Amino acid sequence: MAKRIRRLGVLFAALAMLLVVSGCGKSVADSDALARAKRTDKIVWGVKADTRLFGLMNTKTGQIQGFEVDMAKALTKQILGKNGKAELTQITSDTRVPMLKAGNVDAVIGTMTITPERLKQLNFSKSYFSAGQSLLVAKGSKIKSVKDLKKGTSVIGVQGSNSVDNIKKAAPDTRVLQLSDYSQAFTALKSHQGDALTTDNGILYGMSQQDPRYVVVGGTFTKEPYGIAMNKGQTNLTNAMNQALDTLQKSGTYERLLKKWFSDVPGFDVQEVQP
Numbered sequence: 006m007a008k009r010i011r012r013l014g015v016l017f018a019a020l021a022m023l024l025v026v027s028g029c030g031k032s033v034a035d036s037d038a039l040a041r042a043k044r045t046d047k048i049v050w051g052v053k054a055d056t057r058l059f060g061l062m063n064t065k066t067g068q069i070q071g072f073e074v075d076m077a078k079a080l081t082k083q084i085l086g087k088n089g090k091a092e093l094t095q096i097t098s099d100t101r102v103p104m105l106k107a108g109n110v111d112a113v114i115g116t117m118t119i120t121p122e123r124l125k126q127l128n129f130s131k132s133y134f135s136a137g138q139s140l141l142v143a144k145g146s147k148i149k150s151v152k153d154l155k156k157g158t159s160v161i162g163v164q165g166s167n168s169v170d171n172i173k174k175a176a177p178d179t180r181v182l183q184l185s186d187y188s189q190a191f192t193a194l195k196s197h198q199g200d201a202l203t204t205d206n207g208i209l210y211g212m213s214q215q216d217p218r219y220v221v222v223g224g225t226f227t228k229e230p231y232g233i234a235m236n237k238g239q240t241n242l243t244n245a246m247n248q249a250l251d252t253l254q255k256s257g258t259y260e261r262l263l264k265k266w267f268s269d270v271p272g273f274d275v276q277e278v279q280p
């Protein structure tokens with residue numbers, strides 16, 4: 006009986022070890038986002054749904070549309086082939102990093118500036134859009150540039166965006182109101198909760214296009230290179246993104262998509278935003 010118990014113990018131990026090894030193997034395979042994407046013919050993208058021109062929900066169709074959405078679809082086809090599918094998940098400036106870190110999305114293409122702080126916890130592709138921070142104000146506003154944001158003025162920003170930190174450095178005496186997304190921020194500006202709204206110029210031009218009573222002023226006071234964000238350590242997917250970006254630029258697809266979304270925006274120079 007004792008021998009039989011020992012044999013059963015050895016057998017159970019062996020089975021347990023096999024399960025651990027099998028589990029580890031699955032974990033290692035699933036940890037490679039590119040390998041998983043090729044296996045499922047799918048890349049899960051985090052995209053904005055509140056940012057005109059880049060990613061905005063079409064309330065009639067229920068579809069998110071914009072330059073970054075089209076880029077996500079084109080990059081997916083370039084990496085996975087004609088059967089590759091871009092699955093879109095809605096993110097905001099505040100949720101994009103947590104969703105990446107939790108593995109809810111494979112990549113984020115959502116007006117995300119490449120910064121030294123973000124590079125500590127994320128991988129980034131090369132830049133696909135050269136933006137710069139600016140101000141949106143009502144026509145006729147006394148605010149003409151960031152220099153006019155003095156004590157007694159207020160500016161609206163979005164949580165999770167580095168534009169809030171930038172404006173605090175550029176105009177330390179102004180009061181900053183942070184809201185959760187650009188839709189709320191623009192609504193707050195129109196209801197006179199702030200003298201100006203600040204974020205990247207490309208996003209602000211989209212708001213100005215939506216409502217011409219509001220204009221972009223003062224040029225840019227920062228450089229904001231947008232990159233595709235992936236989880237730290239996803240080297241294979243990062244390399245694939247860079248190769249795909251190069252191919253889209255060489256083929257003319259990238260410039261075609263830029264012109265599709267930005268060529269009709271007053272005051273916007275398509276050539277200036279190309280990396």
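Each residue of the sequence shown is one higher than the one before, starting from 6 at the first, in this note's numbering.
Even for Gly, the Cβ is constructed at its ideal location relative to N, Cα and C.
This structure is a prediction, so every number in the text was calculated from the model and none was measured.
Best match in the options for proximity to residue i [C-alpha to C-alpha]
i, options, result
"residue 220", "242, 194, 136 and 241", "194"
"residue 118", "76, 105, 234 and 78", "234"
"residue 206", "130, 245, 56 and 232", "56"
"residue 248", "71, 99 and 84", "84"
"residue 113", "122, 261, 73 and 121", "73"
"residue 279", "244, 120 and 229", "229"
"residue 273", "214, 45, 125 and 254", "214"
"residue 132", "264, 67 and 76", "76"
"residue 116", "134, 177 and 130", "134"
"residue 108", "186, 48 and 162", "48"
"residue 100", "52, 45 and 144", "52"
"residue 67", "130, 94 and 242", "94"
"residue 185", "161, 266 and 173", "161"
"residue 110", "42, 130 and 187", "42"
"residue 130", "265, 271, 238 and 276", "238"
"residue 196", "208, 218 and 178", "218"
"residue 157", "151, 169, 179 and 166", "179"
Classification of residue i by the beta-carbon crowding that lies within 10 angstroms, buried from 16 upward
i, result
"residue 154", "buried"
"residue 200", "buried"
"residue 136", "buried"
"residue 31", "Because the pLDDT at residue 31 is just 35, under 50, the model does not fix this residue reliably, and the point stays unresolved."
"residue 97", "buried"
"residue 28", "Low per-residue confidence applies at residue 28: pLDDT is 42, beneath 50, and the placement is therefore not dependable, though the value from the model is reported in the following sentence. Flag for residue 28 reads exposed."
"residue 203", "buried"
"residue 211", "buried"
"residue 145", "exposed"
"residue 10", "Reliability fails at residue 10, whose pLDDT of 47 lies under 50, so the model's placement of it is uncertain and the value that follows must be treated cautiously. Under this definition residue 10 is an exposed residue."
"residue 124", "exposed"
"residue 271", "exposed"
DSSP beta-bridge partners of residue i
i, result
"residue 216", "In the DSSP output, where bridge partners are listed per residue, residue 216 has none listed."
"residue 52", "95"
"residue 231", "118 and 134"
"residue 90", "47"
"residue 201", "160"
"residue 60", "56"
"residue 236", "127"
"residue 221", "141"
"residue 69", "62"
CB-CB length for residue i against residue j, believed under 8 Å
i, j, result
"residue 182", "residue 198", "6 Å"
"residue 139", "residue 223", "6 Å"
"residue 236", "residue 127", "7 Å"
"residue 241", "residue 39", "4 Å"
"residue 226", "residue 143", "20 Å between Cβ atoms; not a contact."
Distance cut-off 7 Å: residue i Cβ against heavy atoms of the ligand ADP
i, result
"residue 275", "The ligand content of the structure shown is nil, which means the ligand ADP is not present either."
Quick check on the DSSP output: what are the complete beta strand (DSSP E) runs of length 3 or more inside the region 110-188, in order along the chain? If only complete runs of 3 or more residues are kept, the region 110-188 shows the beta strand (DSSP E) at 127-129, 134-136, 138-143, 159-163 and 180-184, in order along the chain.
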